[in-house]
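Per this note's numbering, residue 40 is the first one in the sequence shown, and the count goes up by one each step.
Just so it is clear, CB atoms sit at the ideal spot from N, CA and C, and this is done for glycine as well.
The model shown is predicted, which means the values in this text are computed figures rather than measured ones.
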Amino acid sequence: MNSKEDGAALITGASSGIGAAYARALAAQGKNLILVARRKERLAILAEELHRNHAVVAEVLVADLTKSADIERVEKRIREIEFLDMLINNAGFGTFGNFSEIDIAGQMDMIHVHIVASVRLCWAALPGMIARGNGVIINVSSMGAFIPMQGNVTYGATKAFLITFSEALQRELMGTGVRIQALCPGFTRTEFHDTSEYEKLDRSLIPRFMWTSADDIVAASLRSLKTGKVTYIPGLRNRLLVAVNRNRTISKLLLSKLRRKSQRGQQPG
Ligand SMILES: NC(=O)c1ccc[n+]([C@@H]2O[C@H](COP(=O)([O-])OP(=O)(O)OC[C@H]3O[C@@H](n4cnc5c(N)ncnc54)[C@H](OP(=O)(O)O)[C@@H]3O)[C@@H](O)[C@H]2O)c1
């Protein structure tokens, strides 16, 4: 990595989709990069493209974030980089199917990639960022964190963890110069749904207007960093959807509370 002024960003899940879009956007700003994922070839092609187009240093770090030893290697690299001023915990995947019927190993892997790796990499990055009085951490959550869904139990729960974790962490970091964002995208056109897990998902059921490009998500995320908002849902439609769903949940809770109260009132004392 070269100079202090350029800074450096480590991005997990940089081999495709939202992670690759962050890499392209940040390289265009002159930032040096450490690209983390399992697919070495993909990372190498991207690193070469970024170096060619933007003259930045893009390093490839192959790691499977379901494995503790690989997470430790990424942590070690984070501590070594003197001017790391950005960490993007983006690696992730989904599964599809009722919790009691699907393979538990896949759910444990998801907890490792979404939660264990993100928490450990934040912990590795923060001392340097705090000492330098400057840093940004983006934890890529999901709109799914707000809308509990059948067939998506562990996914939504891990993404909800990232929101609570990010919100509390930002409070602890008040006045340090380190900013945290929990990015909550809605449906994004990436490779996320191209897996065998999602073969049964009929994508035509999701209206076209609900889909966004990874580039638009990343541009909105980077713009939002200037606002100081921690939990950020890109797109007005998605924000409305979350608000409507929240209100529906609150209304249901209030109604059931009222119902219980009135039933108790009717019971003989
Ligand atoms: N697409 C959507 O609709 C959507 C919506 C909300 C939130 N998100 C979130 O956005 C993030 C990025 O997903 P995407 O949409 O860009 O999907 P994607 O194109 O499938 O990218 C996922 C990235 O995660 C990496 N990854 C997966 N498992 C990994 C592991 N065990 N170790 C290391 N890296 C791993 C993949 O790299 P390798 O396969 O090379 O390891 C890939 O680079 C995820 O956290 C996802 O939950 C996506």
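Should I219 go down as buried or exposed, given a rule of 16 or more other Cβ atoms within 10 Å for buried?
Result: buried.
Does DSSP put M213 in a helix, in a strand, or in coil?
M213: coil per DSSP, three-state reduction.
Going by the C-beta, is S180 closer than 8 angstroms to any heavy atom of ligand 1?
Yes, since a heavy atom of ligand 1 falls inside the 8 angstroms radius drawn around the Cβ of S180.
Can we say the region 221-229 touches the region 247-259, given the rule of at least three CB pairs closer than 8 angstroms?
Output reads yes: the region 247-259 touches the region 221-229.
Taking L65 as the reference, which of L89, R276, R285 and V155 has the closest Cα?
When only C-alpha atoms are compared, the closest one is L89.
What does the alpha-carbon distance come out to for the pair T2 and A47?
An answer regarding residue 2 cannot be provided, because it is not within the stretch 40 to 308 covered by the chain.
State the DSSP-derived secondary structure class of L104, mapped to helix, strand or coil.
Three-state result, L104: coil.
Going by DSSP, what residue range makes up the alpha helix (DSSP H) through M149?
Run containing M149: I143 to I150, per the alpha helix (DSSP H) assignment.
Whose C-beta lies closer than 7 angstroms to the C-beta of A163 among residues of the same chain, with five residues either side of it excluded?
The residues are E114, I117 and R118.
Using the beta-carbon count (16 or more within 10 Å), is Y170 buried or exposed?
Reading the sequence as shown, one finds Ala at residue 170 and not Tyr. Exposed is the call here.
Kindly examine ligand 1 and report whether one of its heavy atoms sits closer than 8 angstroms to the Cβ of A199.
Answer for A199: no, Cβ out of range of ligand 1.
For V283, does the three-state DSSP call read helix, strand or coil?
Reduced to three states, the DSSP call for V283 is helix.
Just the Cα atoms here: how many angstroms apart are G195 and I143?
Approximately 16 angstroms, taken between the alpha carbons.
Is it the case that the CB of H90 approaches a heavy atom of ligand 1 more closely than 8 angstroms?
Outside the cutoff, so no.
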